[in-house]
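Trainee:
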Amino acid sequence: MENKIRRVAWTTLILLTAFSFWPSLAAAAEAKLNAGNTAWILTSTALVLFMTIPGLALFYGGLVRSKNVLSVLMQCFSITCLVSILWLAYAYSLAFSSGNAFVGGLSKAFFNGVSFGSMTGDIPETVFAMFQLTFAIITPALIIGAFAERMKFSAMFLFTGIWLTVIYAPVAHWVWGGGWLGSMGALDFAGGTVVHINSGVSALVCAIVLGKRHGFPEQPPSPHNLTMTVTGASMLWVGWFGFNAGSALAADGAAGMAMLVTHMSSAAAALTWMFIEWSKFGKPSALGIVTGAVAGLVGITPASGFVGPIGGLVIGVVTGFVCFNAVGIIKRKFQIDDSLDVFPVHGVGGMVGALLTGVFVSSGLGGVGLAEGVSMGSQVGIQIVSIIATAVYAGAGSFIILKIVDAMVGLRASAEDEQVGLDPSQHNESGYEI
Amino acid sequence: MENKIRRVAWTTLILLTAFSFWPSLAAAAEAKLNAGNTAWILTSTALVLFMTIPGLALFYGGLVRSKNVLSVLMQCFSITCLVSILWLAYAYSLAFSSGNAFVGGLSKAFFNGVSFGSMTGDIPETVFAMFQLTFAIITPALIIGAFAERMKFSAMFLFTGIWLTVIYAPVAHWVWGGGWLGSMGALDFAGGTVVHINSGVSALVCAIVLGKRHGFPEQPPSPHNLTMTVTGASMLWVGWFGFNAGSALAADGAAGMAMLVTHMSSAAAALTWMFIEWSKFGKPSALGIVTGAVAGLVGITPASGFVGPIGGLVIGVVTGFVCFNAVGIIKRKFQIDDSLDVFPVHGVGGMVGALLTGVFVSSGLGGVGLAEGVSMGSQVGIQIVSIIATAVYAGAGSFIILKIVDAMVGLRASAEDEQVGLDPSQHNESGYEI
Amino acid sequence: MENKIRRVAWTTLILLTAFSFWPSLAAAAEAKLNAGNTAWILTSTALVLFMTIPGLALFYGGLVRSKNVLSVLMQCFSITCLVSILWLAYAYSLAFSSGNAFVGGLSKAFFNGVSFGSMTGDIPETVFAMFQLTFAIITPALIIGAFAERMKFSAMFLFTGIWLTVIYAPVAHWVWGGGWLGSMGALDFAGGTVVHINSGVSALVCAIVLGKRHGFPEQPPSPHNLTMTVTGASMLWVGWFGFNAGSALAADGAAGMAMLVTHMSSAAAALTWMFIEWSKFGKPSALGIVTGAVAGLVGITPASGFVGPIGGLVIGVVTGFVCFNAVGIIKRKFQIDDSLDVFPVHGVGGMVGALLTGVFVSSGLGGVGLAEGVSMGSQVGIQIVSIIATAVYAGAGSFIILKIVDAMVGLRASAEDEQVGLDPSQHNESGYEI
Amino acid sequence: MKKIIAIIKPFKLDEVKEALGAIGVAGMTVTEVKGFGRQKGHTELYRGSEYVVDFLPKIRIEILAESEKVDAIAETIIKAANTGKIGDGKIIIMPVEDVLRIRTGERGKDAI
Amino acid sequence: MKKIIAIIKPFKLDEVKEALGAIGVAGMTVTEVKGFGRQKGHTELYRGSEYVVDFLPKIRIEILAESEKVDAIAETIIKAANTGKIGDGKIIIMPVEDVLRIRTGERGKDAI
Amino acid sequence: MKKIIAIIKPFKLDEVKEALGAIGVAGMTVTEVKGFGRQKGHTELYRGSEYVVDFLPKIRIEILAESEKVDAIAETIIKAANTGKIGDGKIIIMPVEDVLRIRTGERGKDAI
Ligand SMILES: Nc1ncnc2c1ncn2[C@@H]1O[C@H](COP(=O)(O)OP(=O)(O)O)[C@@H](O)[C@H]1O
Ligand SMILES: Nc1ncnc2c1ncn2[C@@H]1O[C@H](COP(=O)(O)OP(=O)(O)O)[C@@H](O)[C@H]1O
Ligand SMILES: Nc1ncnc2c1ncn2[C@@H]1O[C@H](COP(=O)(O)OP(=O)(O)O)[C@@H](O)[C@H]1O
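If you want it as structure tokens, here you go:
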């Protein structure tokens with residue numbers, strides 16, 4: 001039984017890769033549409049879009065001061081729009097059409113050849129492309145947490161456009177589009193490298209290049225509305241079911257197990273964070289528990305289709321613990337003003353998860369099992385290569401993009417604009433008039 | 001391939017019409033239930049209800065002053081309840097049971113004959129009826145934006161009940177229930193005429209008949225909570241996936257393409273609006289981008305199952321551009337106090353979309369293709385007829401209903417009630433005590 | 001036709017019971033996976049989790065004073081996490097594995113034997129277990145409304161853990177896991193007894209044992225943000241589609257009818273509450289209509305898969321009416337400070353629904369029909385037994401648990417902590433800094 | 001130099017502001033406050049019960065003015081804010097020892 | 001005619017209001033403010049770090065009263081608002097030159 | 001005994017607070033207010049139209065101080081809150097008759 005499932009999982013992976021390589025062929029084959037699987041991926045697409053707008057927008061928006069809340073919401077929303085149009089124009093093609101080991105081609109630019117009848121596996125290609133788009137949206141949206149409250153809107157917009165093109169699309173191709181990491185056997189079920197390490201490391205570089213906010217680190221952080229943040233975190237959790245269980249591209253046992261381990265990892269990481277705070281400060285906080293939950297969701301992302309319940313539990317506990325400490329190290333030790341802790345939560349959490357995926361995929365630990373002839377050691381090795389490759393590429397690439405954007409329009413809002421707030425200074429608006 | 005899809009789309013349309021005409025027969029035929037399709041329409045129903053409560057309620061609620069926020073939420077919520085009960089009692093029957101070209105009959109009043117086993121195509125009739133109900137809910141709920149901050153609750157409630165009965169149910173029948181517009185070949189996949197033109201024109205009439213709010217247009221508008229509005233707009237976007245892709249009544253390639261073009265139109269219209277503001281005022285606003293997104297969603301609604309990616313893109317850009325200008329014309333040129341711009345966004349957006357559907361349905365432009373023997377010119381002609389018919393019927397009908405309701409209970413809250421706010425004056429409550 | 005459906009419904013019930021009894025056997029049988037059904041239950045799981053976080057959290061959070069809002073959100077969130085881990089560890093096993101008539105065994109502790117390929121009926125067991133987990137989460141989360149604004153976080157946390165173990169898991173086993181109530185023929189489609197009576201009666205006991213808040217009943221209640229409450233109620237409504245229609249464990253006619261009657265009951269109860277207020281006080285309130293809607297959702301829960309549209313309508317009206325009066329009786333007559341009215345809405349609403357299920361299940365009234373050889377009288381008798389058994393067990397059990405927790409850590413926050421607010425005193429945080 | 005505090009009904013703010021502008025009052029500082037007085041609080045509904053809420057939302061306007069303008073200002077406010085109904089509010093006139101403009105350091109009436 | 005300003009802890013508002021009502025104080029105006037003083041701000045948690053928040057929420061009550069009632073009012077407030085712990089707040093007594101009732105135009109003590 | 005009211009730009013609060021702390025001002029009470037003056041309100045966008053919003057967010061600081069410290073305090077505030085741009089705000093100095101500490105009942109300068 002387990003064996004069969006493992007085979008199914010691997011076959012899916014291979015098929016997916018194959019379809020991405022020879023998409024016209026795939027369409028030609030006219031695999032029979034599975035309405036159940038299609039229904040679930042349509043739903044998952046809605047869930048993952050929901051993660052960014054309004055989920056992430058609220059999660060982040062509540063953490064900034066009220067004079068900057070609209071700027072955060074606006075950044076999430078405009079990234080959603082911009083990435084969608086670029087996806088249509090060429091980014092989907094770069095990520096998922098046939099190309100080389102590094103990047104896809106332009107054969108599907110402007111969704112050329114993607115018609116009502118095109119299929120990816122047993123779901124319509126339109127559904128696959130939309131589902132993947134929601135991942136391409138949330139990844140740059142995660143980065144904005146690093147430069148919140150001080151980046152110019154124009155710079156953010158330019159950065160996102162370039163970043164999607166030269167960082168996201170290739171990295172997605174490496175792992176899921178038939179590129180070298182996938183071929184090497186790197187396991188990333190739902191985006192530990194592509195989404196979280198990618199955005200987390202880029203975020204760190206952004207935070208360093210943009211520099212600290214006025215008042216950091218003397219002034220205490222002042223989240224203006226934690227109810228908004230808890231609401232956003234809850235939406236992220238629910239939406240993540242689509243993110244991870246949707247990545248099975250089917251409504252089956254793999255999807256079910258992915259949802260289960262996703263949920264358990266989140267719960268475990270949240271409680272881990274809560275108990276650390278409780279024992280360290282005598283009180284557990286709402287922001288703490290939701291941050292832990294998000295960390296747990298990040299950690300399980302690469303592993304979600306590969307590990308069993310115990311794997312989910314352990315990954316949650318470990319990610320919660322490591323991310324808790326990472327936040328402190330970045331903020332207090334290195335005094336880097338990664339405003340909303342994107343690197344310690346997404347970057348570090350993604351790395352922990354990618355590593356542990358190599359361990360808990362083992363059937364002895366309840367996972368689907370390692371591929372034929374691959375030892376745990378070599379799988380972990382492959383995972384490390386994929387972590388390093390993604391981190392280096394994203395980090396160096398983001399640095400160069402930031403320099404280019406700086407030269408073009410300037411990265412930072414003026415000191416006065418920052419002090420008055422980005423809402424009035426960048427958008428001529430204010431969040432509240434209550 | 002394209003041909004096959006086109007045939008499927010048309011057959012679906014015809015079948016749908018047929019089933020509405022002879023529902024008992026349809027039930028008798030006992031088409032085999034497709035669980036995948038049913039799963040997707042169950043989900044879509046949840047998504048579309050989510051659009052009204054809380055989506056639209058928040059979108060609108062954030063735009064009014066805080067003393068009126070609960071009145072907006074309450075109106076959305078009570079419309080949801082009232083329309084549901086009327087739907088059960090007779091409105092579903094009027095819209096979707098066998099009748100004449102103008103309106104259905106009462107054979108399904110109180111869901112007579114709708115049992116656990118009744119089918120509409122390959123989904124349960126209960127699911128079809130629930131899905132359609134969520135459309136009947138959001139349509140009058142859209143109208144409240146026109147008379148926000150000044151209409152009596154009792155008048156709003158009465159107006160909605162009568163409007164649903166004599167405007168919505170017949171117009172839905174015309175287009176989707178076997179009525180004359182559908183028979184004529186008018187294309188309205190998900191409600192450009194039935195939902196958006198219908199509500200938009202009625203809204204305009206409401207705004208004119210009720211007259212301006214105290215202080216219009218001298219006082220600047222004062223949205224009390226734009227974070228609420230952005231949240232609501234995000235929910236509308238996500239929910240619209242159910243609205244448009246659900247209108248395929250299946251989890252298939254048509255649904256996938258509908259979701260794709262819906263998303264692209266929204267993104268394109270949002271960016272269009274943003275860039276107009278940016279170039280005109282030097283700054284893009286959060287309210288602007290979300291308003292553009294909603295306009296794009298409206299524009300693609302009638303076209304969603306008929307056009308391809310490029311159609312979606314173009315419809316988005318055009319709708320964004322036209323609606324941006326329409327808002328200014330209504331508000332500044334004609335000085336009509338359509339409080340939350342229902343007509344320029346939904347009415348005008350729906351008209352643009354309905355028109356362009358007749359163009360981009362063409363297979364040459366990536367659509368499913370025009371029906372056999374129908375030229376683009378004649379299809380556009382049919383679309384124009386459907387726009388005019390709906391607009392005239394909704395406009396004249398709404399005017400008469402308003403006059404009747406005015407005679408019965410009076411339309412406007414007293415000047416003092418308006419000044420104090422509708423929350424305390426109509427509901428003995430206040431939104432915030434923070 | 002009706003007959004067939006009735007058979008299907010009963011068979012489902014029986015199968016479900018059977019599968020719970022002999023799960024390994026069920027897995028061995030390897031029923032063919034139905035992707036459509038699986039898609040819908042995956043979706044339903046997301047919807048029901050969404051009910052607790054953020055739905056219920058916002059619904060409750062808006063009703064407390066702003067100094068306590070995070071404590072409510074935090075309680076909902078931490079219950080979600082705690083219950084999930086206990087579910088994984090042993091609670092799923094206690095509720096749904098083979099055992100005796102009173103409680104299941106530990107054969108599935110730590111999801112032992114629940115693998116990628118395990119099935120429950122035609123959906124993966126992981127999906128079934130996750131779906132059921134979301135019910136186990138919301139039930140104790142409902143209780144917190146009773147002791148809001150005054151219970152220590154530590155006490156709440158301990159109480160929840162013990163309560164889940166000794167109250168929820170057994171009662172779920174009684175009804176759905178192969179226990180004595182299910183065997184007796186008690187009808188509870190989606191949790192009238194297991195969820196609502198169970199939590200409602202426990203809530204009442206909590207309110208009594210903890211005692212009144214400072215200022216009750218002289219000080220008027222002061223919900224700090226009714227927009228939050230209306231938002232939460234809307235999310236509850238939408239999520240409840242997953243709760244009730246998901247309980248069909250399939251995307252079929254039973255699910256469709258369950259969604260329909262759920263919606264109609266909610267709408268009917270909401271309007272009932274609204275009209276009572278309107279006639280009694282001259283004005284209908286937003287809080288009133290949403291409270292009515294929730295009452296209607298509670299009332300239909302046990303009945304949802306068994307009754308037809310008219311049953312839904314009547315159950316809604318009756319529940320709305322009874323709950324309205326119950327709130328007054330508890331608060332003003334008995335002066336019990338059940339802060340957010342958990343007992344009168346969930347306890348009483350659940351009882352009304354459980355009773356009426358025995359009536360409207362009758363095929364003469366549009367239901368699926370009584371089981372062979374069972375008269376309406378005897379079915380109502382069985383329903384009464386299940387109500388009393390659940391109420392007595394939950395009430396007495398909760399009382400004992402509270403006494404134990406009191407001895408361990410003390411139940412109530414100190415008077416000063418209560419006055420300052422639970423947010424600063426329990427969590428070192430404050431909700432808003434606007 | 002005096003300070004005039006006016007406590008008015010919220011919806012009268014715009015009218016008062018305009019009326020003051022018309023007589024050349026260039027500046028003011030406004031605070032949202034809650035008022036308690038003879039005007040009875042409104043009733044609020046809460047799940048089938050009515051409660052009286054004591055406090056009413058009011059607007060507090062603070063105006064610095066030269067002594068000789070005080071009467072005109074008070075009169076103007078009364079005219080603009082008056083509805084004739086209980087709860088219209090109060091005007092308070094208080095002595096001020098000095099005023100400074102932060103931007104320039106100017107003192108006294110030059111600072112207003 | 002005096003103006004009394006009391007800065008108190010928020011949860012004491014109801015008690016103060018009632019106590020003042022008992023001695024016949026019919027009206028007051030209340031503002032939510034943030035206080036800074038000897039009472040140390042509380043610590044807040046933020047993702048694994050503790051921060052001290054300087055400002056504490058306080059309630060500011062403004063009461064107009066005839067001069068002879070001032071002492072009784074101050075005493076009443078002290079009694080009702082006192083917890084004995086640091087941060088209980090202050091009472092400030094200030095001179096007032098005149099008071100007007102907007103509704104009637106009445107001046108002086110008739111206006112209170 | 002005097003009361004000093006300073007109306008400043010919101011983002012200057014921290015600097016003012018610190019500067020005052022440095023000269024030994026131990027307490028203050030802060031209110032969020034809206035200001036209206038020579039500084040023109042900013043424009044806001046609303047669906048393709050620009051509107052001028054008259055009122056600007058300001059911070060109002062209330063400080064009780066012994067008379068002899070008033071000048072130092074005013075000077076300190078001016079230094080810290082000054083940006084040289086219009087709208088920097090005002091400082092108002094008002095007489096106070098008495099101050100009481102609620103916790104202890106102390107009066108006068110002991111109460112500050
Ligand atoms: N003694 C007082 N001290 C301070 N403020 C007062 C006093 N009396 C009334 N007010 C303020 O004036 C407002 C209006 O007073 P009220 O007695 O209700 O009516 P009126 O203004 O018609 O006399 C109150 O809401 C309160 O804000
Ligand atoms: N010099 C001052 N000027 C204005 N307000 C003050 C002053 N000192 C204290 N306050 C106000 O009084 C409150 C309580 O003062 P604090 O020094 O903390 O304790 P206590 O009232 O016991 O002396 C402060 O939070 C602040 O609002
Ligand atoms: N006459 C006045 N009375 C009370 N407050 C005033 C007055 N004039 C100005 N203010 C307050 O001071 C703030 C700044 O005043 P403004 O005239 O804009 O610039 P400046 O401080 O440079 O003179 C205003 O926003 C308002 O809050």
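Chains as they are written, first to last, in this note's numbering: chain A, 1 to 434; chain G, 1 to 434; chain R, 1 to 434; chain P, 1 to 112; chain U, 1 to 112; chain S, 1 to 112. Ideal Cβ placement from N, Cα and C applies to all residues, glycine included.
With C-beta atoms as the reference, is residue 358 of chain G less than 8 Å away from residue 380 of chain G?
Mentor: Yes, these two residues count as a Cβ contact at 8 Å.
Trainee: By how many angstroms is the C-alpha of residue 58 of chain R removed from the C-alpha of residue 232 of chain R?
Mentor: Computed Cα separation, rounded: 5 Å.
Trainee: Can you list the residues of chain U that residue 1 of chain P reaches, using a CB-CB cut of under 9 Å?
Mentor: Per Cβ cutoff of 9 Å: no residues; residue 1 of chain P is ~12 Å from chain U at best.
Trainee: Got a sec? Which residues, its chain only, sit under 7 Å from residue 29 of chain A by beta carbon, not counting five neighbours each side?
Mentor: Confidence is the limiting factor: at residue 29 of chain A the pLDDT is only 45, short of 50, which leaves the residue's position unreliable, though a coordinate-based value still follows. So no residue of the chain qualifies.
Trainee: May I have the straight-line CA-CA distance separating residue 136 of chain G from residue 426 of chain G, to the nearest angstrom?
Mentor: About 25 Å.
Trainee: Residue 431 of chain G versus chain S: which residues are under 9 Å apart at the beta carbon?
Mentor: Within 9 Å Cβ-Cβ: nothing; residue 431 of chain G doesn't reach chain S, min ~19 Å.
Trainee: Can you tell me where the alpha helix (DSSP H) holding residue 116 of chain S begins and where it ends?
Mentor: This structure cannot speak to residue 116 of chain S, because chain S is shown only from 1 to 112.
Trainee: What residue range is occupied by the uninterrupted beta strand (DSSP E) comprising residue 90 of chain S?
Mentor: First-last of the beta strand (DSSP E) with residue 90 of chain S: 90-95.
Trainee: Could you check whether the Cβ of residue 220 of chain G sits closer than 8 Å to any Cβ belonging to chain R?
Mentor: For residue 220 of chain G, the answer is no, since every Cβ of chain R falls outside 8 Å of its Cβ.
Trainee: DSSP beta-bridge partners for residue 42 of chain R?
Mentor: None; residue 42 of chain R has no bridge partner.
Trainee: Could you name the residues of the region 401-422 of chain A whose beta carbon sits closer than 7 Å to any beta carbon of chain S, in the order they occur along the chain?
Mentor: Within the region 401-422 of chain A, the residues whose Cβ lies closer than 7 Å to some Cβ of chain S are 419, 420, listed in chain order.
Trainee: Taking the alpha carbon of residue 84 of chain G as the point to measure from, which residue in G:214, G:346, G:428, G:140 has its own alpha carbon closest?
Mentor: When each option's Cα is compared against that of residue 84 of chain G, the closest is G:140.
Trainee: Taking the continuous alpha helix (DSSP H) assigned at residue 195 of chain A, which residues delimit it?
Mentor: First-last for residue 195 of chain A: undefined, no H or E at that position.
Trainee: Are residue 28 of chain U and residue 36 of chain P close, meaning C-beta to C-beta below 8 Å?
Mentor: Result yes, Cβ atoms of residue 28 of chain U and residue 36 of chain P sit closer than 8 Å.
Trainee: Is residue 1 of chain P helix, strand or coil when you go by DSSP?
Mentor: It is coil, neither helix nor strand.
Trainee: So is residue 341 of chain G buried or exposed if we call it buried at 16+ other beta carbons inside 10 Å?
Mentor: Label assigned to residue 341 of chain G: buried.
Trainee: Which residues, taken in chain order from the region 254-273 of chain R, show a beta carbon closer than 7 Å to some beta carbon of chain D?
Mentor: Included in the structure are the protein chains A, G, R, P, U and S, with no chain D among them.
Trainee: Suppose contacts are defined by Cβ-Cβ distances below 8 Å. Is residue 327 of chain A in contact with residue 356 of chain A by that definition?
Mentor: No, the Cβ-Cβ distance between residue 327 of chain A and residue 356 of chain A is not below 8 Å.
Trainee: Pair every Cβ in the region 240-258 of chain A with every Cβ in the region 53-71 of chain R, then say whether three or more of these pairs are closer than 8 Å.
Mentor: These segments do not touch.
Trainee: Can you name the start and end residues of the beta strand (DSSP E) that residue 45 of chain P belongs to?
Mentor: Note, residue 45 of chain P: beta strand (DSSP E), 43-46.
Trainee: Can you name the residues of chain S whose CB is closer than 8 Å to the CB of residue 428 of chain A?
Mentor: Chain S residues near residue 428 of chain A: 42, 43, 44, 45, 50.
Trainee: From residue 265 of chain A to residue 174 of chain A, what distance separates their C-alpha atoms?
Mentor: Distance between the alpha carbons of residue 265 of chain A and residue 174 of chain A: 26 Å.
Trainee: What do you get for residue 322 of chain R, buried or exposed, if any count of 16 or more other CB atoms within 10 angstroms of its CB means buried?
Mentor: The residue in question, residue 322 of chain R, is buried, as its Cβ has 16 or more Cβ neighbours within 10 Å.
Trainee: Answer with yes or no whether the minimum CB distance from residue 424 of chain R to chain U is below 8 Å.
Mentor: Closer than 8 Å: yes.
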